[in-house]
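Only one structure is covered here, and it is reproduced in the block below.
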Amino acid sequence: MKLKEQDFINTYRDISYPDKIDLSASAPSNIALVKYWGKHGMQLPMNPSVSFTLNQSRTNTTAHLSLLKLPSKTVEFQFFLDQKPRPDFEPKIAGFFEKIKVYAPFITAFHWQIYSQNTFPHSSGIASSASAFAALAKMIVDLEKQLFPSHKDDNYYKKKASFLARLGSGSASRSIAHPVMIWGKHPGIPDTSDLYAVAPDFELHPVFKNFRDSIILVEKGQKKVSSTAGHNLMAKHPFKAIRKQQAFLHALQMTQYLKSGDLDNFIKLTEAEALSLHALMMTSDPNYILIQPGTLKVIQLIRHLRQTLNLPVCFTLDAGANVHVLYPDKISDNLEKYLFSKLTYEIIHDYI
Ligand code: PMV
């Protein structure tokens, strides 16, 4: 069933809360095959996106909650990354809490001590915001389940976690379930919504079941231009209308290929999406370039391997220079021999 914004508002009042609660949650990162690029309103996507959920690259979060003597208007919290206090992260988290307060008003009753840890190196250039906000959102939904008796089912809570995660970071909405997630309303894809991501109503074809994503860290460290700035540039982008049209078509085609196991077209489309994303950056005003010479070198190598050895391998990119190499498990040895061992970059091997 499709849910509306009002369905996520928590209307319980005057509940007596426990003095202390401990929570924990873990959420994976995800890689978009069809990219979300451009947003409007309250973190609503300009177009639908389709992603693979990763397995090893995750954020694990625990929180110790203590009941406040007097209720607070804002959420009182402290944030620790790898056991160290990180006040520099707090404004972003405070902004998230502020946005979700109306859907989870009970969060202001407690002081939160939040401990977060990523399984991938922090400076690796892998975006941690998707897994981090998804873990926080899952924790808040768990708290709601604990505090309020309800007849709502698991499906509702998954959608609520995705809805809340979206308000932290758009792509986080897709880090809630696996192996494939779709975020954004599409007239041709059942049950899709701009408010939360859903798993498709079909089984992923076995061709993709043991799919791997090896992330080649061409450039480590912080992104030079934030995704938020990039999304905002889409509002007046000269190719906005055509990009929307393209993304709607690509989202539909991608779901068809994932269902039918059409690996050739999957490869073609995945690469086209990655290049479209970066072409949009290069043609926005102001324009900017995130790929590096190393990115192109890896892309050329992948294309060369496909042409010469007929290996079903392709690349995708997120908003940075790193290359995600996507391939079926059974060609891992070939890729090690002909690609990974030839590179000096650090590589994170993950799978969907
Ligand atoms: O969720 P954000 O605001 O970090 O944006 C993510 C944008 C891309 O990673 C480039 C594409 C996507 O769909 O994940």
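For what it's worth, this note's numbering labels the leading residue of the sequence shown as 28, then goes sequentially. Cβ atoms here follow ideal geometry from the backbone N, Cα and C, with glycine treated the same way. Please read these numbers as outputs of a predicted model, since none were measured by experiment.
Judged by beta-carbon spacing, A131 lies within the 8 Å limit of N37, meaning their Cβ atoms are closer than that value. Using a 10 angstroms sphere on the CB of E230, the tally of other CB atoms stays under 16, which defines it as exposed.
Assignment of P132 by DSSP, reduced to helix, strand and coil, places it in the helix class. R85 and M69 have their C-alpha atoms some 26 Å from each other. A direct Cα-to-Cα measurement between H232 and S76 gives close to 19 Å. With fewer than 16 other Cβ atoms from the protein chains shown falling within 10 Å of its own Cβ, A262 counts as exposed.
In the DSSP annotation of this structure, the continuous segment of the beta strand (DSSP E) that includes A54 starts and ends at 47–61. Contact between D377 and N57 does not hold, since the beta-carbon distance rounds to 11 Å and is not under 8 Å. Annotated as proximal: I374 and I243, with beta-carbon spacing under 8 Å. With 5 Å as the limit, the residues whose C-beta approaches any heavy atom of the ligand PMV more closely are A59, K62, Y63, S76, S196, G197, S198, S254, D345, A346, in sequence along the chain.
In the DSSP annotation of this structure, the continuous segment of the beta strand (DSSP E) that includes A90 starts and ends at 76–94. In this structure, the alpha-carbon of S253 lies about 22 Å from that of Q144. In the DSSP assignment, H376 falls within the unbroken beta strand (DSSP E) covering 373–378. Distance between Q105 and A192, taken at the CA atoms: about 19 Å.
Put simply, the backbone Cα of F147 is about 32 Å away from that of S287. Taking each of A346, E125, P114 in turn and checking the Cα distance to Y315, the smallest one comes out for A346. Secondary structure of D115 (DSSP, three-state): helix. The alpha-carbon separation between T88 and R40 amounts to approximately 27 Å. Residue state for I203 is assigned as coil, using DSSP reduced to three classes. The Cβ-Cβ distance between F133 and E171 falls below 8 Å. The count of Cβ pairs closer than 8 Å, one atom from the stretch 257–276 and one from the stretch 310–324, reaches three, so the stretches are in contact. CA-to-CA, the gap between F342 and V245 works out to about 13 Å. Minimum Cα-Cα distance from N292 among the listed residues V234, I269, S200 corresponds to V234.
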